[in-house]
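Engineer: Residue numbers (numbering that gives the first Met the number 0): 0 to 244. Attaching a single structure in structure tokens format; questions to follow.
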Amino acid sequence: MISKEQLTNNIPQHVAIIMDGNGRWAKQKGLFRAAGHENGTKAVREAVEGCAELGVKYLTLYAFSTENWNRPKLEVETLMKLLVKSLKKEIDTLHKNNIKLNAIGNLDLLPAKAKKELLEVIEKTQGNSHMTLTLALSYGSREELIKTIQEISIKVKNSVISPHSINEAVINEHLYTKTLPDVDLLIRTSGEQRISNFLLWQIAYAELYFTEILWPDFKQPDLFEAIYNYQQRERRFGKTSEQLS
Ligand code: FPP
């Protein structure tokens with residue numbers, strides 16, 4: 000088992016997680032899916048604490064995708080209620096630990112109560128600097144890219160920018176993630192090996208880590224294992240090994 004002390008060098012600056020497997024976890028135990036999500040919130044706490052202790056500066060969690068709106072109404076309501084409950088419960092801990100909350104996605108689609116609670120926690124913690132915790136809520140990468148292209152097109156049409164000045168920085172400035180650096184490490188739990196419309200632009204050079212562990216069972220030793228695995232990799236960003244050394 001990897002301990003925290005073994006991980007001091009080369010901590011990824013930005014870790015993103017696709018928290019998958021809540022439903023299967025519940026099914027295996029003969030419980031309702033809601034119990035999987037409820038226990039998923041405990042794993043969220045573990046991941047937040049673990050990343051904060053290691054010195055990860057940005058943690059981004061895929062909490063609810065644009066596609067998740069198509070789930071049964073009752074499950075969507077359960078997830079939204081859990082979000083409100085977790086925000087209320089964790090606001091003081093986040094603040095005490097100097098963690099800043101941020102959200103990406105089409106937040107206007109959230110129920111009024113969830114949006115209000117979210118914005119309150121974001122407001123209360125906006126001056127914090129130890130780590131930025133970003134919740135992707137009603138988030139889809141394609142929706143984000145469409146929004147970005149629309150905004151840039153309007154600027155081109157109004158001659159605010161010329162088409163030739165569009166570069167990576169201009170695109171970054173229009174994404175929901177404009178205040179975040181690129182993802183270094185993307186983790187997906189539950190054995191699925193796909194990206195599911197998450198941060199497509201931002202993971203261009205991320206290291207991908209897939210684990211069979213279902214999200215509610217993903218504890219700090221599992222996070223440390225993922226980070227240790229990341230640290231063994233050589234990130235070449237298109238260069239040769241020799242160029243790096
Ligand atoms: C995927 O499991 C998980 C989700 C769609 C929601 C993630 C939500 C939480 C962990 C709880 C609330 C989060 C916060 C930030 C308070 P799944 O339901 O797709 O599982 P399955 O693939 O096994 O069915």
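Glycine included, each C-beta is placed from N, C-alpha and C at the ideal position.
#1: For the alpha helix (DSSP H) holding LYS99, just list the boundary residues, first then last.
#2: Do the region 119-138 and the region 149-160 meet, that is, are 3 or more Cβ pairs less than 8 Å apart?
#3: With a threshold of 7 Å on Cβ separation, who are the neighbours of LYS114 within its own chain once the five nearest residues in sequence on each side are excluded?
#4: Counting only the same chain and skipping the five closest in sequence on each side, list residues whose C-beta sits under 6 Å from that of SER332.
#5: Would you call the region 52-62 and the region 127-141 touching, i.e. three or more CB-CB distances under 8 Å?
#6: Would you give the residue range spanned by the alpha helix (DSSP H) that PHE236 belongs to?
#7: Between ALA62 and the ligand FPP, is there a pair consisting of the residue's CB and a ligand heavy atom that are separated by less than 6 Å?
#8: Name the two residues that bound the continuous alpha helix (DSSP H) containing ALA111.
#9: Excluding the five sequence neighbours on either side, which residues of its own chain have a C-beta within less than 8 Å of the C-beta of ILE151, listed in chain order?
#10: State the Cα-Cα distance for the pair VAL55 and VAL43, rounded to the nearest angstrom.
#11: DSSP three-state label for HIS36, please.
#12: In angstroms with no decimal places, state the Cα-to-Cα distance between ARG193 and ILE17.
#13: Do you know whose CA, among GLY39, CYS50 and ALA46, lies nearest PHE63's CA?
#14: Can you list, in chain order, the residues of its chain with a C-beta nearer than 6 Å to that of ASN101? Leave out the 5 residues immediately preceding and following it.
#15: What's the C-alpha gap between ALA51 and LYS28?
#16: How many Å lie between LEU82 and LEU185 at the Cα?
#17: Quick check: does the Cβ of SER85 come within less than 6 Å of any heavy atom belonging to the ligand FPP?
#18: Could you check if HIS94 belongs to the surroundings of the ligand FPP, using beta carbon to heavy atom distance under 6 Å?
#19: With distances taken between CB atoms, is the gap from GLN201 to THR176 smaller than 7 Å?
#20: Got a sec, what are the start and stop residues for the alpha helix (DSSP H) VAL14 sits in?
#21: Pull up the distance between the alpha-carbon of LYS87 and that of PHE197, whole angstroms please.
#22: Which first and last residues belong to the beta strand (DSSP E) in which ILE202 is found?
#23: DSSP state of ARG187, grouped into three classes?
#24: Quick check on this structure: which residue in LEU222, GLU76 and SER85 has the alpha carbon closest to the alpha carbon of PRO110?
#25: For ARG23, which residues from the same chain have a beta carbon less than 8 Å from its beta carbon, with the 5 sequence-adjacent residues on both sides left out?
Structural biologist: This is what the structure gives:
#1: Looking at the DSSP string, LYS99 is not in any alpha helix (DSSP H); the run it does join, the beta strand (DSSP E), is 98-103.
#2: Between the region 119-138 and the region 149-160, the count of C-beta pairs closer than 8 Å stays below three; the two stretches do not touch.
#3: Around LYS114, the same chain offers LEU106 as residues with beta carbons nearer than 7 Å, after the five sequence neighbours per side are excluded.
#4: Residue 332 cannot be examined here, being either before or after the span of the chain that is shown, 0 to 244.
#5: Short answer: they touch.
#6: It is not in any alpha helix (DSSP H) - PHE236 carries neither H nor E in the DSSP assignment.
#7: yes
#8: Its alpha helix (DSSP H) spans residues 111-124.
#9: ILE160, ILE165, VAL169, ILE170 and HIS173
#10: 15 Å
#11: helix
#12: 10 Å
#13: Taking only the C-alpha atoms, the option nearest PHE63 is GLY39.
#14: Listed in chain order, the non-local C-beta contacts of ASN101 below 6 Å within the same chain comprise THR131 and THR133, local neighbours out to five positions each way being set aside.
#15: 31 Å
#16: 22 Å
#17: In this structure, the C-beta of SER85 approaches the ligand FPP to less than 6 Å from one of its heavy atoms.
#18: no
#19: yes
#20: No alpha helix (DSSP H) contains VAL14, which is instead part of the beta strand (DSSP E) from 13-17.
#21: Spanning the two alpha carbons is a distance of roughly 26 Å.
#22: Counting along the chain, ILE202 falls outside any beta strand (DSSP E), and DSSP gives it neither H nor E.
#23: strand
#24: GLU76
#25: GLY35, SER189 and LEU213
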